[in-house]
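Beneath this line is the structure, given in structure tokens, with notes to follow.
Protein chains in written order, with our numbering: chain A, 1 to 319; chain B, 1001 to 1489.
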């Protein structure tokens, strides 16, 4: 049976600003000093997490995981397999929790909805012209509302970097607000694609923009470009979320995605979260890791913690 | 999705992650390192050195009397001609060898540094030891290039240098003193601080193993009286890092003696945050500026000057950040703030913090459990501080930050400079022209922009006014150890 703890979701967020106000918010977003940000992230990465605290972190990493497959070659069979893995990551150890969600392409949402119904594992779909976030707006919005209708609990869309980098903040904001409406009651994660933004200042601005437009989560990356989630980028977004919470009282979730393959990395992100946003964010309702190969590494580390030995890779299922 | 309610997540506690003490072998008793050998002190006296986080004794260390100091100076004097005659490239080999050995044994040094001094292992591991090794490497590179460093000025060694170092960065300070002195062909008598002698004595072993000619480096342990004896001994130069009061006494003692002198003394640095600063990083810089090494830092950013429009925002962020500081076992790899170095220092901090409260400043300390034994002090903020308060004037040398506000850049500069000290300062702003305008006007030996407490062997370090004179590090750091033709610069 599923070990998924039901994730408490607040009502979907609503925009907190008009497009003109949003433009001003973005233009006045706090600046970020790259050297200081990177040294803080590097310093937190040296935290030594051992014993019980490590086991708790690894279990939380699983509970916060969006088990992801976003390949052109994905099929019904692949999705069925990954859903099984999501619900019961270790067939021999029922104490291992289920992941938070399975993240996939829109066309395969019905398969996942069928597989995951009643398990507590959510269906998350990318939509809105993933991964570029360009293309005709009405087509992108229709894709969002279609996956919502098909039963996706969570929708990962991409920010229009063309508008952001072009300084057209008001238009970028309006697009996000429209996406927010199209998503209905589904939770909206906005991918900033930070690897393309060029500076931490822009990451902070993009975070402010997405949060003001009503994003439930801000997410680092699509995983489709070379530069994915990094610790300083995640820290920058967490600082933005901390400020947004101080100003509005609303907690926006953080999702790191792309390149998180090792337990050690997952723990480093959890340390960042713990020491930046605090324990109230240490829940799948407010933190996610988008990953495909991370899960087996976490399982391996958990087993090592129990048995004192590393099992070979063939002792963990490849799905 | 169903609307099930998840219980609020419990706090994620980090399990203890202590660095192992197994790498360190501490002897019961240490003699003096004179003429390449460890010797019993003629004084016959020993004193205990402790772990300030537990108050447990670690070892007994010889107390050098005047006779012992004279023997050490004699050893340095007799080693001097051969050392001076050695080619610079040969002196460099010894320095490189010492540098490599410090790197090889960095873990051992770091653990011992934290045990004897109370500083968090993450700092001794990631800051102190890498810096100490880097300093030896850097000055090794200068040893055969002195003619190019001072072209046409025939650089020559001074002779025998007496060097007295403090307890806050024992290994870094030993490196700052020894490396330039040896590179320039001087021989040395070094006196480590009485509370933190152990890494200097381990360094003596490394020096022995590096086959440095006997007498080139001598290490005499002891307290103030030993230092005073070294100042009075037949040395050609005194280099001192420590408190301004002792620095003044040394200056009086050496006046008219012909002994060269450099002093690196106290500080009361201003860390200036302008309203356009990157605030989240400024908070980190402020925290690093004052809580690094428990605030036992001569260049600590102990006065925070905040431009009024961002005062509330910065203070709120700072208070939040203080909640996450982890105070405790210096050997725990997750400790941010370790033990206060000594009972005497703890008393001094306590007294000055008491004066701040008595003078009407508002104190803020986060809730955090402190160990029962050992010397500890909570990270502390004072708001409502005036320039006339003692906590804004006197060096506290502990984890205590006094926060003041300003309105204009002129006022910031005026307040920053309005101190008898002038060792360091920090500027936080996104505007380059403002950083340069401010830095030009600050009377401080080091000015950091959008960072704080960053050190590098290539960068000169030293003070204005009561923070001392002379520079350590970089090309400038060679000059105090050289006779130069053509007048002094």
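Backbone N, C-alpha and C define an ideal beta-carbon position, used for all residues, glycine too.
Every value quoted in this text rests on a predicted model; they were computed, and no experiment measured them.
Contact check for residue 14 of chain A and residue 292 of chain A: beta-carbon distance about 33 Å, past the 8 Å limit, so the pair fails to qualify. Look at residue 57 of chain A: its C-beta is under 9 Å from a C-beta on chain B.
One Cα belongs to residue 1320 of chain B, the other to residue 1201 of chain B, and the distance between them is close to 41 Å. Residue pairing by DSSP places residue 103 of chain A opposite A:68, A:124 in a beta bridge. Between the beta-carbon of residue 316 of chain A and that of residue 299 of chain A there is about 5 Å, and that keeps the pair under the 8 Å contact cut. Judged by pairs of C-beta atoms under 8 Å, the region 1402-1415 of chain B touches the region 1300-1316 of chain B, as three or more such pairs exist.
Residue 1290 of chain B and residue 232 of chain A have their C-alpha atoms spaced approximately 23 Å apart. Taking a Cβ-Cβ threshold of 9 Å, the residues of chain A close to residue 1451 of chain B are 33, 35, 36, 39, in chain order. Judged by their CB atoms, residue 1218 of chain B and residue 1032 of chain B are nearer to each other than the 9 Å cut-off. Closer than 9 Å to the CB of residue 1285 of chain B there is at least one CB belonging to chain A.
1012, 1013, 1014, 1015, 1017: these are the residues of the region 1012-1029 of chain B whose beta carbon lies less than 7 Å from some beta carbon of chain A, given in chain order. If you check each beta-carbon in the region 1265-1295 of chain B against every beta-carbon of chain A, the ones closer than 7 Å belong to 1278, 1279, 1280, 1281, 1284, 1285. Secondary structure remark: continuous alpha helix (DSSP H) runs of at least 4 residues inside the region 1091-1138 of chain B, in chain order: 1106-1117. Straight-line measurement puts the Cα of residue 1413 of chain B at about 54 Å from the Cα of residue 297 of chain A.
Beyond the five residues adjoining it in sequence on each side, residue 82 of chain A comes within less than 7 Å, by CB distance, of 67, 69, 102, 319 in the same chain, given in chain order. Within the model, the alpha-carbon separation for residue 1477 of chain B versus residue 1363 of chain B is close to 40 Å. Within the DSSP bridge table, the entry for residue 1271 of chain B names B:1304, B:1426 as partners. Under the three-state reduction of DSSP, residue 310 of chain A is assigned to coil, being neither helix nor strand. By the Cβ test, the region 1324-1344 of chain B is in contact with the region 1107-1127 of chain B, since at least three Cβ pairs between them sit closer than 8 Å. Chain-order list of chain A residues neighbouring residue 1430 of chain B: 31, by C-beta distance under 7 Å.
Under the three-state reduction of DSSP output, residue 1162 of chain B falls in the strand class. A distance below 9 Å separates the beta carbons of residue 1142 of chain B and residue 1183 of chain B. Taking a 10 Å sphere around the C-beta of residue 51 of chain A, we find fewer than 16 other C-beta atoms and assign the residue as exposed.
Exclusion of the five residues before and after residue 1038 of chain B leaves 1030, 1031, 1032, 1204 as the residues of its chain whose Cβ lies within less than 8 Å of its Cβ. In the DSSP annotation of this structure, the continuous segment of the alpha helix (DSSP H) that includes residue 1411 of chain B starts and ends at 1409-1417. Residues of chain A whose Cβ lies closer than 8 Å to the Cβ of residue 1324 of chain B are, in chain order, 275. One Cα belongs to residue 175 of chain A, the other to residue 156 of chain A, and the distance between them is close to 14 Å.
Between the region 1279-1289 of chain B and the region 1142-1153 of chain B, the count of Cβ pairs shorter than 8 Å is below three; the stretches do not touch.
The beta carbon of residue 87 of chain A lies closer than 6 Å to those of 2, 98, 119, 121 in the same chain, with the five residues before and after it left out. Counting only runs of 4+ residues, the alpha helix (DSSP H) found wholly inside the region 1215-1285 of chain B occupies 1224-1232, 1244-1254, in chain order.
For residue 1316 of chain B, the nearest CB of chain A lies under 9 Å from its own CB, placing it at the interface with that chain. Distance check between residue 1241 of chain B and each of B:1226, B:1024, B:1193, B:1475 places B:1193 closest, using alpha-carbon atoms only. In the three-state reduction of the DSSP assignment, residue 1332 of chain B falls in the strand class. By the Cβ neighbour-count rule, residue 241 of chain A is buried, with 16 or more other Cβ atoms within 10 Å of its own. Just so you know, the alpha carbons of residue 1383 of chain B and residue 1404 of chain B end up roughly 7 Å apart. In the assembly as shown, residue 1215 of chain B is a buried residue. Its beta-carbon has 16 or more other beta-carbons within 10 Å.
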